[in-house]
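Here numbering that gives the first Met the number 0 is used: position 61 in the sequence shown is 60, and no number is missing along the way.
Note that CB positions come from ideal geometry on N, CA and C, so glycine has one too.
Beneath this line is the structure, given in structure tokens, with notes to follow.
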Amino acid sequence: MLQAHWWRDAAIYQIYVRSFADSNGDGEGDLAGIRERLPHLVELGVDALWLTPFYVSPLADGGYDVADYRDVDPRFGTLKDFDALLLAAHDLGVRVIIDVVPNHSSSAHRWFREAVAAEPGGPERARYLFRDGRGPDGEQPPNNWKSIFGGPAWTRLKRPDGTPEQWYLHLFDPEQPDFDWTNPQVHAEFDDVLRFWLDRGVDGFRIDVAHGMVKDPDLPDIADDARADLLDGSTTLPYFDQDGVHGIYRRWAAIAAEYPGDRAWWPRRGWRTPTGWRATCVPTSCTRRSTSST
Ligand SMILES: [Ca+2]
């Protein structure tokens with residue numbers, strides 16, 4: 000007999016950690032503040048919490064620019080505070096889903112700092128999408144992709160002496176360089192990050208830019224009139240909804256299956272499959288679209 004998945008009809012409460020509850024009066028919300036208020040959430044009938052990113056971050060994009068995927072930003076507490084929150088939530092029968100941000104890191108991430116310091120073509124750069132520019136002296140971006148936050152999706156590096164060199168891709172802010180998911184090191188890193196939090200006992204992951212990560216390897220130009228952020232299923236973009244994302248999620252599902260219990264996977268947005276669109280979930284609704292593929 001099939002067992003019902005808890006997350007199918009759970010009331011999941013999103014908490015933006017920075018603003019929810021401040022336990023120490025420093026003006027910013029924190030993990031201890033959430034723990035103190037868990038009884039209120041239980042009273043509301045909440046089955047699970049979704050914590051937005053609380054990882055070490057310069058907060059260029061509200062924490063979706065992660066500098067260390069395995070630690071809590073000191074503004075929000077410590078790993079000990081996280082463990083205490085998780086334990087207290089579980090004691091009250093509340094599950095905890097955390098955000099995983101795999102499309103890009105912060106530019107303050109150790110890998111990106113190493114990449115910037117390395118020479119073009121080196122292994123440090125191969126964890127991100129660095130390319131030479133087009134035109135004389137490489138002064139044009141490698142393609143015409145636009146950042147979802149506006150402007151070009153490429154930023155050119157400069158050497159300490161001011162000499163311009165390669166460009167790097169950022170579908171969002173320049174402080175959010177995109178990982179190169181063709182690199183096995185990136186896969187291995189996120190396998191390990193998932194295990195780090197599964198070992199602590201989290202009940203699921205909300206996946207940021209779940210339809211991103213994999214890019215058309217040719218990095219082709221998009222149509223001049225293409226909207227970079229269009230997600231209505233009618234527009235094909237070479238950096239969203241690529242078939243390669245399915246392999247990543249199969250691998251992640253296998254990792255989660257090594258752990259006891261039933262875990263939730265929550266894509267930020269839908270992604271296209273050969274037979275149509277998969278579930279599109281937002282905090283207030285979850286709809287299943289079944290448009291034909293294009
Ligand atoms: Ca605080």
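Could you pull the start and end residues of the alpha helix (DSSP H) that residue i belongs to?
i, result
"Y248", "G243 to A256"
"A31", "L30 to E35"
"A83", "L78 to D90"
"F189", "P183 to R199"
"V16", "V16 to F19"
Using only alpha-carbon positions, find the residue among the options that is nearest to residue i.
i, options, result
"E164", "L91, P119 and S105", "P119"
"A255", "L197, H210, H245 and M212", "L197"
"Q184", "I147, H103, A125 and D131", "A125"
"E215", "F239, F111, A66 and P140", "One point to set straight first is that residue 215 is Asp, not Glu, in the sequence displayed. Nearest of F239, F111, A66 and P140 to D215, Cα basis: F239."
"F195", "R112, D177, D21 and Y258", "Y258"
"N182", "D207, W6 and I247", "I247"
What does a CB cutoff of less than 8 Å around residue i pick up in its chain, not counting 5 residues either side in sequence?
i, result
"P38", "L91"
Buried or exposed, going by whether 16 or more other CB atoms sit within 10 Å of the CB of residue i?
i, result
"K157", "exposed"
"N142", "buried"
"G313", "The chain is shown from 0 up to 293; residue 313 falls before or after that span and cannot be answered."
"Q303", "Past the boundaries of the shown model lies residue 303; the chain is included only from 0 to 293, so the question cannot be answered."
"H89", "exposed"
"A31", "buried"
"H4", "exposed"
"P140", "buried"
"L168", "buried"
"S104", "buried"
Excluding sequence positions up to five away, which residues of its chain have a Cβ less than 6 Å from the Cβ of residue i?
i, result
"R94", "A47 and D202"
"P173", "T154"
"W49", "I11, Q13, I96 and R205"
"G192", "Residue 192 is actually Val in this sequence, not Gly. Result list for V192: Y68, in chain order."
So the beta strand (DSSP E) residue i belongs to, where does it begin and stop?
i, result
"A66", "No beta strand (DSSP E) holds A66; DSSP gives it neither H nor E."
"V115", "V115 -> not in any beta strand (DSSP E); alpha helix (DSSP H) instead, spanning R109 to A116."
"W49", "A47 to L50"
"R126", "Neither: R126 is in no beta strand (DSSP E) and is coded neither H nor E."
For residue i, collect the residues of the same chain with a Cβ closer than 7 Å to its Cβ; drop the 5 residues on either side in sequence, then sort them by chain order.
i, result
"R262", "D202, G203 and A255"
"A10", "G44, V45 and D46"
"A83", "R34"
"V41", "L91 and V93"
Output the residues surrounding ligand 1, defined as those with a CB atom closer than 5 Å to any ligand heavy atom, in chain order.
Checking every Cβ against the heavy atoms of ligand 1 under 5 Å gives D21, N23, D25, E27 and D29.
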